[in-house]
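Some notes on the structure that comes next.
Numbering (the working numbering), first residue to last: 821 to 1146.
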């Protein structure tokens, strides 16, 4: 059996790879990406050879395009253009939210891509969705809710497709327009979560309607999230007061909810509970109790659904995205 993928760390440095107990390695350098930061990652055991445990499929997004990891461990740019979110669907289908507003998919590991024009068409026929800032609409998140795909669009809320991206319906009852990310529940297909500039929202009906989660959150600019399923679901969440640091003190914090996103408490890592930049995080693929967080130049791991944390690596670069398969 080949070595495990480990934890992938994306950011301005490119993509690093950490296997617990080993030094951090470089998989894709900033030079390879043309200086463009890696802003999103996803990974899963390769379904093409998963029965033998022989491969891992990983995908990354950056302003320079969509990158796919070969079975040999090499990364290649598989699609051009800014990619704001990437996902690996059950069965190995690759999805990416790209500019201009749209979704592309690949059924062959990134060798070829099919543009799904339905979302762009739906947005063009919704003239009331002009962003106040005048910035273009952006697909910032993709997840698998109910029996379809859920797309988060910064400036247009959430949209659902039940036919593989050919057509989309707005799914934003109770949800602000400026969506920064969406996540599914690993075991409950009707549960979905959304990060917005106005707070964190959850849905129990496949994304049709949304309720804001307020208890204990003192920051509304939501960043990354990780859902750890269980009898009582645990959600880890990064939140900040401003999108990026601007010369002041720490503005970002890490929160944990032990009741599915109803109430929250602040998480302390090594005696620190705030950072200049929002922590990046991910759940270990296929495991309900293990999560990783990158914050303050350290990579942290928890094996009890965020109850306790230990340092896996020190001196790591600032991370914008994590993915893990062991």
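Cβ atoms here follow ideal geometry from the backbone N, Cα and C, with glycine treated the same way.
Beta-carbon gap between residue 1094 and residue 1072 smaller than 8 Å: Yes.
Boundaries (first-last residue) of the beta strand (DSSP E) holding residue 1000: DSSP places residue 1000 in the uninterrupted beta strand (DSSP E) bounded by 999-1004.
Through-space distance from residue 1020 to residue 1060, alpha-carbon basis: Those two C-alpha atoms are separated by around 12 Å.
Supposed contact pair residue 1130 and residue 1121 - C-beta distance, whole angstroms, cut 8 Å: About 6 Å separates the two Cβ atoms, so the contact holds.
Inter-residue spacing [alpha-carbon to alpha-carbon] between residue 994 and residue 1029: About 6 Å.
Alpha carbon of residue 1042 to alpha carbon of residue 1017, nearest angstrom: Across the structure, residue 1042 and residue 1017 are spaced so that their CA atoms are roughly 6 Å apart.
Sub-8 Å separation of residue 1048 and residue 1084 beta-carbons: Remark: C-beta atoms of residue 1048 and residue 1084 do not approach each other more closely than 8 Å.
Nonlocal neighbours in the same chain, by C-beta distance under 6 Å from residue 1006, ignoring five residues either side: The residues are 1049.
In chain order, each alpha helix (DSSP H) run of at least 4 residues that lies wholly inside the stretch 1026-1063: Restricted to the stretch 1026-1063, not a single alpha helix (DSSP H) segment is unbroken, complete and at least 4 residues in length.
Heavy atom of the ligand FAD within 7 Å of residue 913 beta-carbon: As for the ligand FAD, it is missing from this structure, which has no ligand bound.
Sequence-distant residues of its chain with Cβ nearer than 6 Å to residue 832 (five each side left out): Cβ within range, chain order: 857.
Three-way DSSP call (helix, strand, coil) for residue 850 in this model: Three-state DSSP puts residue 850 in coil, outside helix and strand.
Same chain, Cβ closer than 6 Å to residue 872, five either side skipped, listed in chain order: Residue placement at residue 872 cannot be trusted, given a pLDDT of 33 that sits under 50; what the coordinates show is reported in the next sentence. Taken in chain order, the list of residues that qualify is empty.
For residue 887, the residue or residues it bridges with in DSSP: Residue 887 is bridged to 880, 897.
Residues near residue 854 by beta carbon distance below 6 Å, same chain, minus five either side: Same-chain partners within the cutoff: 884.
Per-residue DSSP class, three states only, for residue 1125: Residue 1125 falls in the coil class under three-state DSSP.
Endpoints, beta strand (DSSP E) assigned at residue 1100: Unbroken beta strand (DSSP E) run through residue 1100: 1100-1103.
Whole-angstrom C-beta distance between residue 1145 and residue 902, which should lie under 8 Å: The beta carbons of residue 902 and residue 1145 sit about 26 Å from each other, so the pair does not count as a contact at 8 Å.
Backbone secondary structure at residue 874 - three-state DSSP: With a pLDDT of only 40 at residue 874, under 50, the local geometry of the prediction cannot be trusted, and the value read off the model is given with reservation. In the structure shown, residue 874 adopts coil according to DSSP, grouped into three states.
Reference residue 944; option with closest CA among 935, 931, 967, 976: Distance check between residue 944 and each of 935, 931, 967, 976 places 976 closest, using alpha-carbon atoms only.
Per-residue DSSP class, three states only, for residue 941: In the structure shown, residue 941 sits in a helix (DSSP, three-state: H, G or I).
Backbone secondary structure at residue 1137 - three-state DSSP: Here residue 1137 sits in coil by DSSP.
Residue 906 - containing beta strand (DSSP E), residue span: Element bounds for residue 906: 903-908.
Beta-carbon proximity check, residue 908 vs residue 916, cutoff 8 Å: Contact: no.
Residue 974 - partner residues in DSSP beta bridges: Partner(s): 958, 998.
Beta-carbon separation (whole angstroms), residue 1014 vs residue 999, contact threshold 8 Å: Confirmed, about 6 Å.
Option in 1132, 900, 1024, 1106 with minimal Cα separation from residue 862: If we check each option's Cα against that of residue 862, 1106 comes out closest.
Nearest candidate by alpha-carbon position, reference residue 965, set 940, 1004, 935: Selection 940, 1004, 935 evaluated against residue 965 yields 1004 as nearest (Cα-Cα).
Reference residue 1138; option with closest CA among 889, 1098, 1086: Checking every option, the nearest Cα to that of residue 1138 belongs to 1098.
Residues bridged to residue 1079 [DSSP beta-bridge criterion]: Residue pairing by DSSP places residue 1079 in no beta bridge whatsoever.
Proximity of residue 1076 and residue 1092 at Cβ, strictly below 8 Å: Their beta carbons are not under 8 Å apart, which means residue 1076 does not touch residue 1092 by this criterion.
Reduced DSSP category for residue 1109 - H, G, I as helix; E, B as strand; rest coil: DSSP places residue 1109 in the coil class of the three-state scheme, outside both helix and strand.
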